[in-house]
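Trainee: Mind looking over this structure? Questions follow.
Protein chains: 4
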Amino acid sequence: MVPRYSRPDMVAIWTPEARFKIWFEIEAHATDALAELGVVPKEAAAAIWEKGAFEVDRIDEIERETKHDVIAFLTNVAEHVGPEARFMHQGMTSSDVLDTCLAVQLAKASDILIADLDALLVVLERRAREHKMTPTIGRSHGIHAEPVTFGLKLAQAHAEFARNRARLVAAREDVATCAISGAVGTFANIDPFVEEYVAGKLGLSVEPVSTQVIPRDRHAMFFATLGVIASSIERLATEVRHLQRTEVLEAEEFFSPGQKGSSAMPHKRNPVLTENLTGLARMVRGYVTPAMENVALWHERDISHSSVERYIGPDATITLDFALARLTGVMDKLVVYPERMLKNLNKMGGLVHSQRVLLALTQAGVSREDAYRLVQRNAMKVWDSDGALSLLELLKADPEVTLSDAELEDKFDLGYHLKHVDTIFARVFGAA
Amino acid sequence: MVPRYSRPDMVAIWTPEARFKIWFEIEAHATDALAELGVVPKEAAAAIWEKGAFEVDRIDEIERETKHDVIAFLTNVAEHVGPEARFMHQGMTSSDVLDTCLAVQLAKASDILIADLDALLVVLERRAREHKMTPTIGRSHGIHAEPVTFGLKLAQAHAEFARNRARLVAAREDVATCAISGAVGTFANIDPFVEEYVAGKLGLSVEPVSTQVIPRDRHAMFFATLGVIASSIERLATEVRHLQRTEVLEAEEFFSPGQKGSSAMPHKRNPVLTENLTGLARMVRGYVTPAMENVALWHERDISHSSVERYIGPDATITLDFALARLTGVMDKLVVYPERMLKNLNKMGGLVHSQRVLLALTQAGVSREDAYRLVQRNAMKVWDSDGALSLLELLKADPEVTLSDAELEDKFDLGYHLKHVDTIFARVFGAA
Amino acid sequence: MVPRYSRPDMVAIWTPEARFKIWFEIEAHATDALAELGVVPKEAAAAIWEKGAFEVDRIDEIERETKHDVIAFLTNVAEHVGPEARFMHQGMTSSDVLDTCLAVQLAKASDILIADLDALLVVLERRAREHKMTPTIGRSHGIHAEPVTFGLKLAQAHAEFARNRARLVAAREDVATCAISGAVGTFANIDPFVEEYVAGKLGLSVEPVSTQVIPRDRHAMFFATLGVIASSIERLATEVRHLQRTEVLEAEEFFSPGQKGSSAMPHKRNPVLTENLTGLARMVRGYVTPAMENVALWHERDISHSSVERYIGPDATITLDFALARLTGVMDKLVVYPERMLKNLNKMGGLVHSQRVLLALTQAGVSREDAYRLVQRNAMKVWDSDGALSLLELLKADPEVTLSDAELEDKFDLGYHLKHVDTIFARVFGAA
Amino acid sequence: MVPRYSRPDMVAIWTPEARFKIWFEIEAHATDALAELGVVPKEAAAAIWEKGAFEVDRIDEIERETKHDVIAFLTNVAEHVGPEARFMHQGMTSSDVLDTCLAVQLAKASDILIADLDALLVVLERRAREHKMTPTIGRSHGIHAEPVTFGLKLAQAHAEFARNRARLVAAREDVATCAISGAVGTFANIDPFVEEYVAGKLGLSVEPVSTQVIPRDRHAMFFATLGVIASSIERLATEVRHLQRTEVLEAEEFFSPGQKGSSAMPHKRNPVLTENLTGLARMVRGYVTPAMENVALWHERDISHSSVERYIGPDATITLDFALARLTGVMDKLVVYPERMLKNLNKMGGLVHSQRVLLALTQAGVSREDAYRLVQRNAMKVWDSDGALSLLELLKADPEVTLSDAELEDKFDLGYHLKHVDTIFARVFGAA
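Same order as they appear, the protein sequences are chains A, B, C and D. Be aware that the first sequence starts at 1, since it is given in my numbering, and climbs by one per residue. Be aware that the second sequence starts at 1001, since it is given in my numbering, and climbs by one per residue. Be aware that the third sequence starts at 2001, since it is given in my numbering, and climbs by one per residue. Be aware that the fourth sequence starts at 3001, since it is given in my numbering, and climbs by one per residue.
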């Protein structure tokens, strides 16, 4: 966890206090269920809720001796509850507490991340609608291709993050399970009713079959999903970085008054937020493989997953939360330069219309190969002139090009490219 | 692709022939749709189906000059179709063909993998039911914990692979989209109807908004899902490897007559299939990060993803197909030794029942800490004797242990641990 | 950074205080060099050393406005130094400070890690010599193969970590460079002498050609090397975990008085330290790919690497330091059970000697294939008897086995396998 | 292995024929050594060289029965050699052959890769010297910073690949070891002399202590090094991609006659080679983690590493060889546009000189903060004018800027930035 890439709500999920509070709730709910079954006295269950308390420092102190965190926690709680504390944790194993707690934490983290995605989607839709018809050059390979609109770029991002939202909802469901099944998952010393009861109280589903632990394929899928989301963040961040580069400058991150771009070069305004997002995406992706390596625990469990999760549980969710919020801020305040977009679009002397001419020639009976050759030989002249020559004029002057001047001029119409923007927006955002 | 880790049906999806055949179908269906729209003559569309053909070698030859695979393909097909070939690919871009083809290939690959998972699930259920009540020691940290059944281990694997099946179905849906939207996704030169038409013919859904390409978050999610499945394979393979080790030997891979375990040591029977699966899992996981790095293409696309997909498209699916089939074979023919399981279970002098005694003491009014201490001090003696001493006898002899002999004996009952196996099986497999 | 997996000396390298202190030294030394060149007044350089100071909180406060850390730092220092502070940072760029600082931090971290490796090597050599002739079964595929000694296992680990030490020394050299070359590495506003001067003062070598930054292939190599070391840790940790499993129990992690193995099962003594090391190795490996993705910065630099390094700089070095120290502790105090090793070695009824019989038969004129068949058919009987039958007796009774009883008995000598242990130890540790 | 990303010399190392030929040499040399020791007849050793032969198909056939590749190979060779074949492989284990063979293959692969790097270095030096004084804008964050030369960019690449060469030489040394130490590395049935003899014949060093296998930390380091080299390839490829983008167009990949950039857009000339290199780099990096996961083999070995190496041995080396050769070709034929570089450099109205003015103001007694503010306020006007305004003219007109016109003009001199290019070239290439 790097403080500067952290937001308090997500951090709060991962504090020792928060973790122990969830442990306490699991133990207390479980004792309620045991009381309902008549296994432990109802008074004991009540006493745990009433007198139960813990102190992080005291738990740490006890753990230094026992080298076992759950035992340390139970001992500390017992110091508050008194003799009735012995009814806590009856028939349970540490992992029942630890894994169910992790499920609660990941579910809460998912809720924040889903809210982050929702906020991003709102911004992307707003900016997409704002620039629905702002023409800009579409680029493949970094090379001018044909016109698109800036709104289309954002609609694409919206569709991508909407997919990510659906994936995250599925991943949340995958990890939000409760296991209270005892030392090796057999319910030998605890009735399955307790598991169902606690699951219900915590908003989790029941783990159908656990070993000592909740199986880690669930968590692997969760962190892999975060890795995909991070990759989408990198994609949009990379787009902004490209748009802001000096020679393109079609959009810029908002540059606040007082901000300094460079200690040495006062003229600099750098896309530092999206560069930062690119790096953060690398980190979130870096957590995917450790999560997958955690799956193959030995037999009914080994504890190798635990240290991994102490890192990536907080680090992946906190970093992704921060990154989503930062991306939302960037997109919300992104300064867009439509005139510059148009200027760039036009700078290649009409090359962006080359395909239309190619198709028109084909439809006028020229073979595809000949048409390609005709267009390419004129396009290359324009290309080599750095946009000084005009493709339209060259084509008009080419004796082999059999289209009339009017026909050719018709092929250089920008509106032609934008006629289906409505269709695509309807697909992405539904009917207006 | 490593031939020895490949099966023909999956390999067949990725041959040049298969790829070009899908390209041809995409182009021919698209021309049908264009004919339906009146953009091209119906006779041309018919001619493509009738006379269309291609030769892999010829395409390669043309590509060496043009350095562009789709143009090479179209040129070769045109050699067969004649002048009407110029109506093919009207308004389309190469990626329309390439990406839709990849979608078809990944959907087909998914279908094979789903069938693989189904076959594995059948075997796991059969073996799970067979060993539903075969007692074996549950182990945490590689150390004896409490009894489980071998069927429970397999039920757990079944539940895990059933989850993986659901994930793969979702991942298949994610990648099975069709984009026929032109050079930068604007449908400038091709009506969206063509996309819908081709999608319907190929069993794909329509890509709501493409750039020049289908967005790669879809593929990243797909390959990440394969990585999770591979990790589950590693888990079950690791279990078998552990069970087969000399000192445990509770199960063995089937060892066929004529097979040799070692060139130097004739006595060896090694779990080579599951070791192999462990390695294959590493490879499938290794393809996840490149797939995620493919997401952030520049602007409307760059082609950096293409080389990655030429590797991981075949390699990940072929390897996983092989691994799933191998795992199914291993589990199908796994030689299980129930007597050895029982012998191992009993070898620790009854230590596996220690928790029950702990709980009984607690319920008899002893504090949790005292109960733990009492049991642990006797358990440690048994532990140090390597199972020569009996925990039951030591407890009977311990004056501080206040339970009667009969009460103690009752705590050493194996059946006690298995009473909820039915419950768990019903959760995993449904009602018997 | 996870506090429980952190040691104070390594943590101290990565605190804000430590970082700013290095920044200050870089700036002050650079100003000295500028003074020596006559570019700035000598009094100014002296004033910086005398009056220079900073406060982390104040820097944070200024950074919140400027959004630029180096500018914030310089502003804060200037508050202490007064007007002469304007001579600091002359002709330098932020990355000159940041990257040179990172080089100092990684060099210091390397020194700790090298010391960690040295401590581990000392322990491994001591334990290897202690158990140089302690026979134990060698296992391939987890299956008994032929005898080795426990000392040989440790000598192997020693050789591996000695290689890792050499790799780390090389990696340290790779990252310990100083760049003071200005905004884009041209020394436009600062003489190369300053770089040489500061490098000398800080014990770094000069970066031959920087852009705005020190090239990140250096750091990628560094973190990749940490990933290899982590993998070696995992290897030795896995060995211990195997040796401690109930059925093997040839060695155990030291179990301190008061330690509790399980909240539910008082009999448990688990290899939790080495399991933990397995997880930590996953994390350190997980940082390798982000470090490699950092290499391809755009043009003369982008800042995407920075966030990655804020995580992995501390996380990788702190985690590896902790892991090495923990591994050293585990190996130092590892409880070894030679009797159990011998018992396990003998449990397979002499199967471990099968190869010697095979060779003897071959040398007595039997074809390799026949010899293999003869030995295997007897070995399989022993195998199936779970060690109850004796290979020696079966071979004596096999009429096709033409060796005399005395010849056969000679092949079942344990000492035969250990005759070259001295040779190997001399290779690893040098002459005794 | 993807044929289109493969070159024949590297592919030849990994064919079954090549592998079996190395196996044969290992076995034949080992038998020579055994004959020298008097363990086997000299005639037998001679017979193996004379009559020894193998057929890949026959080996495959035998392996299908034995499921063991080395046994299949030995059986096939024995079919040619006759009864004296029984003296082959005496006291050896399969891994002695397999691992030593892999060492030979990786050493040969390294030699090709080192030659690839040498060829690249030659090209980089030639182009660097050619453009030593070709001014171009240095960019940080994709934003214009200050002038550099194109030769400096290439010198930087040269220094980076020279480091990579040194790393690869070290990695080659790491993997080029020979182990002929028997079933578990004890030399029980084979004298260490054989290992030394074979190592000498094959140009390998002796593995000081092997288990059954050569330890895999060596291979992990090797593949990690390839991953770093791939990352450097990505860096240079990314630079070219940026330089070729339409708005920058300072350099272009050579576009051969007949080549087609787009099936739809005849005007396109795309940086497809460097985009392809970016993807290939992802793949080579993807092989690093599996190689590291291979390190922690169980006990004296398990065979999980083998399948991984069957993929990554060929795939990583073949892909990297192809990538290096492709990069060399790209850089060799790169079309450079110095006029365009100069045009871009000048397009920001002199902003690139802002730092010099800042420094001049500081030295004229203005505080750093005031100087920054003065320059920034004028720079921002130029920035917002898209280069239409001139920084020099604005500064002259700013009453608070106290420098004379002549002083200001002096700060806008391009040559100022290039005065240390010689120094840097001398560092990288040595004295002219």
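Beta carbons: idealized from backbone N, C-alpha and C, even for Gly. It should be emphasised that the depicted structure is a prediction, and the values quoted were computed from it without experimental measurement.
Taking 8 Å as the cut-off, does the region 2178-2193 of chain C touch the region 2099-2113 of chain C (at least 3 CB pairs, one atom from each stretch)?
Mentor: Judged by Cβ distances under 8 Å, the region 2099-2113 of chain C makes contact with the region 2178-2193 of chain C, as three or more pairs qualify.
Trainee: Does A1166(B) pass the burial test, meaning 16 or more other C-beta atoms within 10 Å, or should it be called exposed?
Mentor: Exposed is the call here.
Trainee: Pick out whichever of S1256(B), G1142(B), I1312(B), V1357(B) has its Cα sitting closest to the Cα of P1271(B).
Mentor: For the residues S1256(B), G1142(B), I1312(B), V1357(B), the minimum Cα distance to P1271(B) belongs to S1256(B).
Trainee: Return helix, strand or coil for E400(A), following the three-state DSSP convention.
Mentor: Correct three-state label for E400(A): coil.
Trainee: Mind reading off the beta-carbon distance from L320(A) to V288(A)? Whole number of angstroms is fine, and I expect it under 8 Å.
Mentor: The Cβ separation is near 12 Å, so there is no contact.
Trainee: Let me check one thing: in DSSP terms, what residues is H1144(B) bridge-paired to?
Mentor: Beta-bridge pairing links H1144(B) to R1139(B).
Trainee: Interface residues of chain A around M2088(C) at Cβ under 7 Å?
Mentor: Under the 7 Å cutoff, chain A gives no residues; its nearest Cβ is about 11 Å from M2088(C).
Trainee: Secondary structure at T3278(D), three-state DSSP: helix, strand or coil?
Mentor: T3278(D) falls in the helix class under three-state DSSP.
Trainee: Using a Cβ-Cβ distance cut-off of 8 Å, determine whether S1307(B) contacts chain D.
Mentor: Chain D contact via Cβ: present.
Trainee: Output the distance between the C-alpha atoms of A199(A) and E36(A), rounded to the nearest integer angstrom.
Mentor: Their Cα atoms are separated by approximately 15 Å.
Trainee: Under 8 Å between beta-carbons, which chain A residues line up against N3346(D)? List them in chain order, please.
Mentor: Simply none; closest approach about 12 Å.
Trainee: Which residue comes first and which comes last in the alpha helix (DSSP H) that contains V2002(C)?
Mentor: Per DSSP, V2002(C) belongs to no alpha helix (DSSP H) and is neither H nor E.
Trainee: Using a Cβ-Cβ cut-off of less than 7 Å, list which residues of the region 3121-3151 of chain D approach chain C; keep chain order.
Mentor: Of all residues in the region 3121-3151 of chain D, G3138, R3139, S3140, H3141, G3142, A3145, E3146, V3148 have a Cβ within less than 7 Å of some Cβ in chain C.
Trainee: Identify each residue in the region 1381-1410 of chain B for which the Cβ-Cβ distance to at least one residue of chain C is less than 8 Å, and report them in chain order.
Mentor: Hits within the stretch, in order: V1382, W1383, D1386, L1391.
Trainee: Exposed or buried, what is V1122(B) when buried is set at 16 or more other beta-carbons lying within 10 Å of its beta-carbon?
Mentor: Classification for V1122(B): exposed.
Trainee: Shortest alpha-carbon distance to V2056(C) belongs to which of M2380(C), T2015(C), V2081(C), E2407(C)?
Mentor: Ranking the options by Cα distance to V2056(C), first place goes to T2015(C).
Trainee: Pull up the DSSP beta-bridge partners for C178(A), would you.
Mentor: Beta-bridge pairing links C178(A) to V206(A).
Trainee: Looking at chain C, is there any beta carbon in it that lies within less than 8 Å of the beta carbon of P1271(B)?
Mentor: Yes, P1271(B) counts as interfacial toward chain C.
Trainee: Output yes if chain A places a C-beta closer than 8 Å to the C-beta of T1319(B); else output no.
Mentor: No, its Cβ sits nowhere closer than 8 Å to a Cβ of chain A.
Trainee: Put R269(A) into one of helix, strand or coil per three-state DSSP.
Mentor: Three-state result, R269(A): coil.
Trainee: Ordered along the chain, which non-local residues of its own chain (more than five positions away) have a Cβ less than 7 Å from that of R1007(B)?
Mentor: Once the five neighbours on either side are set aside, the close Cβ partners of R1007(B) are D1321, F1322, A1325.
Trainee: Mind pulling the chain B residues with CB within less than 7 Å of P3290(D)?
Mentor: Correct list: R1282, M1283, G1286.
Trainee: Check the Cβ of I2303(C) against every Cβ in chain A and list those closer than 8 Å, keeping chain order.
Mentor: Neighbours of I2303(C) on chain A, chain order: N270, V272, E275, N276, G279.
Trainee: Any beta carbon of chain A sitting closer than 8 Å to that of V2965(D)?
Mentor: A query on residue 2965(D) cannot be resolved here, the shown segment of chain D reaching from 3001 to 3432 and no further.
Trainee: Output needed for A1159(B): all residues of its chain with C-beta closer than 6 Å, excluding positions within five of it in sequence on either side, in chain order.
Mentor: If we look at A1159(B) and ignore the five residues flanking it on each side, its Cβ neighbours are V1428.
Trainee: So is R2004(C) in contact with chain B if we call contact Cβ pairs under 8 Å?
Mentor: Chain B contact via Cβ: absent.
Trainee: Between the alpha carbons of A2157(C) and R2235(C), how many angstroms are there, rounded?
Mentor: About 9 Å.
Trainee: Name the chain D residues whose beta carbon is nearer than 8 Å to that of R216(A)?
Mentor: Neighbours of R216(A) on chain D: none; closest Cβ ~16 Å, over 8 Å.
Trainee: Where does V3104(D) sit, in a helix, a strand or coil, going by DSSP?
Mentor: V3104(D) falls in the helix class under three-state DSSP.
Trainee: Buried or exposed for T1186(B), please, with buried defined as at least 16 other CB atoms from any protein chain shown within 10 angstroms of its CB.
Mentor: Flag for T1186(B) reads buried.
Trainee: Going along the chain, which residues of its own chain have a beta-carbon closer than 8 Å to the beta-carbon of M341(A), five neighbours each way excluded?
Mentor: Same-chain partners within the cutoff: T134, P135, T136, I137, F150, E250.
Trainee: I want to see whether chain A comes within less than 8 Å of W1023(B), judged by CB atoms only; does it?
Mentor: It does not: the Cβ of W1023(B) has no partner Cβ on chain A nearer than 8 Å.
Trainee: Spatial neighbours of I114(A) within its chain, please: C-beta separation below 7 Å, excluding the five flanking residues on both sides.
Mentor: Hits under 7 Å: R165, L168, V169.
Trainee: Need the endpoints of the alpha helix (DSSP H) that F3223(D) sits in, please.
Mentor: Counting along the chain, the alpha helix (DSSP H) containing F3223(D) begins and ends at 3217-3244.
Trainee: Can you tell me where the alpha helix (DSSP H) with N1076(B) in it begins and where it stops?
Mentor: Counting along the chain, the alpha helix (DSSP H) containing N1076(B) begins and ends at 1069-1081.
Trainee: Between F1425(B) and H1299(B), what straight-line distance do the alpha-carbon atoms span, to the nearest angstrom?
Mentor: If I take the Cα positions, the gap works out to 52 Å.
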